[in-house]
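Engineer: Protein chains in written order, with this note's numbering: chain A, 1 to 396; chain B, 397 to 662.
Glycine included, every Cβ here is placed at the ideal spot set by N, Cα and C.
Below are the structure tokens for one structure; questions will follow.
Structural data, given as structure tokens:
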């Protein structure tokens, strides 16, 4: 329940303004909460006096069973003047549909954004029964506080059984914040999700640099939540005949409730497609010798319809921006095809690409660790092989 | 101002091996190190202190008694004091129970912390969840993936340059706040002899469950919302092939044939 520490409350009224459910009345004399309160925590976070707290008790098995539905946070990204769902959202909806069918429960997408949001109907075409949509000017670009407040309100009200996030930078920023606010278990960076015979979500993830896999359940709390790596599940083609249902979910946000302020954005030169979403990646390492040789790598990537990426070593040499760095301190990728050019394969790099479906490696050192993962390993000088390869691919 | 740096001791994953029969980690002979991202966090704390000498840096680590060596390294790298949060009752904690314990330590030992710094993730678990969970429990704003940080002139706000997918973004938040570090100095610094000697004179105190305002049901495995039910080795890679000693044209031909057979080129 929501506890109000009346002696320290100064009746400023911010809690009333922040409540998405109109459950708080802050009169001159006293602050009161009624049965519309869902314990979403929006008020706790805006109270300047720290006079509000939430006491949560262990839920009974019956209460846990009352949580229903597989919910997916639909993360949007800018495309021109619009916001559209990221590809990982369609991957999660495709797999979420299977989980929902297994549970006999609905699949729901939660869209947070401003008036520029598009393709909401496609979330339904991709498998969702309905879309819960929070439109607010302050949700036009990502902020931890704005998005956590809106999503916590939706989850507290809707009480889903399963809640999935793409393991994108923002997904991994948002999910633990909401999990801690509403007190539910969260598993990071999953590569497998199944429903067991008891109807529990079994979440599988790599740990210790991919040397070990762990299966994890959240038996005591709901929703059962996970962030899921992009490219693990394939998105099915959308079915335009599926019915579309978009429900507006009003949220109360104020500028003051978003405690971080963007001072500056610095875009680095883009190499095109986000490597996290690329089906084919050609990645360069220090073995490429010098930055001018990266053009060969870029041309091969282009020929294969993929994206260029690189190792941490060449990011630190300043050859490429960090936005296309693969590995533990960069981006984790899992494309259909990963071509490693002059990358020896430090474990921190392998962690970031070992879930690629096919791996081709070219390296001078026959003992390079990358060869242990490679479906095809070629020992040789990449700078001599690449021009011939590009040529061979042209003449086909 | 006080800066709390939460750090973790991790096995050097380069050397991790798995027992193929039991699927468990072979920990013998594996070196333990201070998680590199935590080292970056400490590095940022030390830089802030260089600009504002009145800052006090408190390194906090939850772990077994051996985690003391990770905290010694923190003291050598510039922490003013260290707190080892260690008790058998903390064992088996998931990210939630870890965050709840660390937040309780901050409340108890450094209630006036102006800034909490963490590494963006630990290299053993890679969850990146404990930081945001601590921030939420303590009601602080968070800024993740920081690469540069500075205090504003009035020292009430922190300004952080952070990595985002399209490049960088500079964010500001009012203190107290929690910031995670994604990068720092590229090379691991070697502390000087003077650093090592002065580290030994600094306080390293141990905090146990009895020192915290948490009930036993909130600690360790009992307080964890997630449960590991099975640990197993990843499926071994099948059918890898390595070719050596080919002329460049022949090697290119091998790769082209592979790409064609897998359907990547028409």
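Can you pull out the residues from the segment 607–640 of chain B whose beta carbon lies closer than 8 Å to at least one beta carbon of chain A?
Structural biologist: Per Cβ criterion, the list reads 620, 621, 622, 623, 624, 625, 626, 627, 628, 629, 630, 633, 635, 636, 637, 638, 639 and 640.
Engineer: Roughly how many whole angstroms lie between the Cα atoms of residue 354/A and residue 516/B?
Structural biologist: Going by the C-alpha atoms only, they are around 21 Å apart.
Engineer: Using a C-beta cutoff of 8 Å, does residue 285/A count as contacting chain B?
Structural biologist: With 8 Å as the cut-off, residue 285/A does not count as an interface residue toward chain B.
Engineer: When the distance is taken between beta carbons, is residue 555/B closer than 8 Å to residue 566/B?
Structural biologist: In contact: residue 566/B and residue 555/B (Cβ atoms closer than 8 Å).
Engineer: Given that a residue counts as buried once 16 or more other Cβ atoms are within 10 Å of its Cβ, and exposed if not, what is residue 619/B?
Structural biologist: Residue 619/B should be labelled buried.
Engineer: List the residues of chain B whose Cβ lies closer than 7 Å to the Cβ of residue 385/A, in chain order.
Structural biologist: Chain B residues near residue 385/A: 644, 647 and 648.
Engineer: Got a sec? Which residues, its chain only, sit under 8 Å from residue 582/B by beta carbon, not counting five neighbours each side?
Structural biologist: With a pLDDT of only 49 at residue 582/B, under 50, the local geometry of the prediction cannot be trusted, and the value read off the model is given with reservation. Excluding residues within five positions, none has a Cβ falling inside 8 Å.
Engineer: What are the start and end residues of each continuous alpha helix (DSSP H) run of 4 or more residues lying completely inside the segment 104–130 of chain A, in chain order?
Structural biologist: Listed in chain order, the complete alpha helix (DSSP H) runs (minimum 4 residues) inside the segment 104–130 of chain A are 120–125.
Engineer: Quick check for students: name the residue ranges of the alpha helix (DSSP H) that lie wholly in the segment 34–83 of chain A, counting only runs of 4 or more.
Structural biologist: Whole alpha helix (DSSP H) segments, 4+ residues: 42–46 and 61–65.
Engineer: Of the residues 55/A, 391/A and 327/A, which one's Cα is nearest the Cα of residue 182/A?
Structural biologist: Checked all of 55/A, 391/A and 327/A; the closest Cα to residue 182/A is 55/A.
Engineer: Just checking: is the beta-carbon of residue 186/A within a distance shorter than 8 Å of some beta-carbon in chain B?
Structural biologist: Closer than 8 Å to some Cβ of chain B, the Cβ of residue 186/A qualifies, so yes.
Engineer: Find the residues of chain B that neighbour residue 45/A, judging by a C-beta separation of less than 8 Å, and give them in chain order.
Structural biologist: Residues of chain B passing the Cβ test: 535.
Engineer: Kindly indicate which residue of 84/A, 263/A and 301/A has the alpha-carbon position closest to the one of residue 335/A.
Structural biologist: Nearest of 84/A, 263/A and 301/A to residue 335/A, Cα basis: 301/A.
Engineer: For residue 540/B, which residues in chain A fall below 7 Å Cβ to Cβ?
Structural biologist: Neighbours of residue 540/B on chain A, chain order: 173.
Engineer: Check this for me: beta carbons of residue 96/A and residue 70/A, under 8 Å apart or not?
Structural biologist: Yes, the Cβ-Cβ distance between residue 96/A and residue 70/A is below 8 Å.
Engineer: Are the beta-carbon atoms belonging to residue 478/B and residue 600/B less than 8 Å from one another?
Structural biologist: Yes, Cβ-Cβ distance for residue 478/B and residue 600/B is below 8 Å.
Engineer: With 16 other CB atoms within 10 Å as the buried threshold, where does residue 432/B fall?
Structural biologist: Answer is buried; the Cβ neighbour count reaches 16.
Engineer: What is the rounded straight-line gap between the Cα of residue 747/B and the Cα of residue 175/A?
Structural biologist: Any property of residue 747/B remains undetermined from this structure, which presents chain B solely from 397 to 662.
Engineer: Would you call residue 650/B buried or exposed, if buried means 16 or more other Cβ atoms sit within 10 Å of its Cβ?
Structural biologist: Answer is buried; the Cβ neighbour count reaches 16.
Engineer: Exposed or buried, which one is residue 86/A when buried takes at least 16 other CB atoms within 10 Å?
Structural biologist: Its Cβ being crowded by 16 or more others within 10 Å, residue 86/A is buried.
Engineer: Name the residue from 185/A, 367/A and 255/A whose alpha carbon lies nearest to the alpha carbon of residue 17/A.
Structural biologist: Ranking the options by Cα distance to residue 17/A, first place goes to 255/A.
Engineer: Could you tell me which of 156/A, 118/A and 31/A sits nearest to residue 80/A, measuring between CA atoms?
Structural biologist: Here the closest residue by C-alpha is 118/A.
Engineer: Taking the CB atoms as reference points, tell me whether residue 497/B and residue 514/B lie closer together than 8 Å.
Structural biologist: No, the pair does not count as a contact, with Cβ atoms beyond the cut-off.
Engineer: Please state whether DSSP places residue 628/B in a helix, a strand or coil.
Structural biologist: The answer is strand: DSSP assigns residue 628/B an E or B state.
Engineer: Could you work out which residues of chain C lie near residue 504/B, taking near to mean beta carbons separated by less than 8 Å?
Structural biologist: No chain C is part of this structure, whose protein chains are labelled A and B.
Engineer: Quick one: Cα of residue 160/A to Cα of residue 153/A, how far?
Structural biologist: One C-alpha to the other measures close to 12 Å.
Engineer: If you compare alpha carbons, which of 77/A, 72/A, 49/A and 102/A is closest to residue 91/A?
Structural biologist: It is 72/A.
Engineer: Express the C-alpha separation of residue 333/A and residue 274/A in angstroms, rounding to a whole number.
Structural biologist: When rounded, the distance between both Cα atoms is 10 Å.
Engineer: Interface residues of chain B around residue 181/A at Cβ under 7 Å?
Structural biologist: Within chain B, the residues near residue 181/A are 532.
Engineer: Are any of the Cβ atoms in chain A nearer than 8 Å to that of residue 462/B?
Structural biologist: False, the Cβ-Cβ gap to chain A never drops below 8 Å.
Engineer: Counting only beta-carbon atoms, is residue 199/A nearer than 8 Å to chain B?
Structural biologist: Residue 199/A does not count as touching chain B.
Engineer: Pull up the distance between the alpha-carbon of residue 561/B and that of residue 169/A, whole angstroms please.
Structural biologist: C-alpha separation (whole angstroms): 8 Å.
Engineer: Beta-carbon separation of residue 163/A and residue 223/A under 8 Å?
Structural biologist: The answer is yes: Cβ separation under 8 Å.
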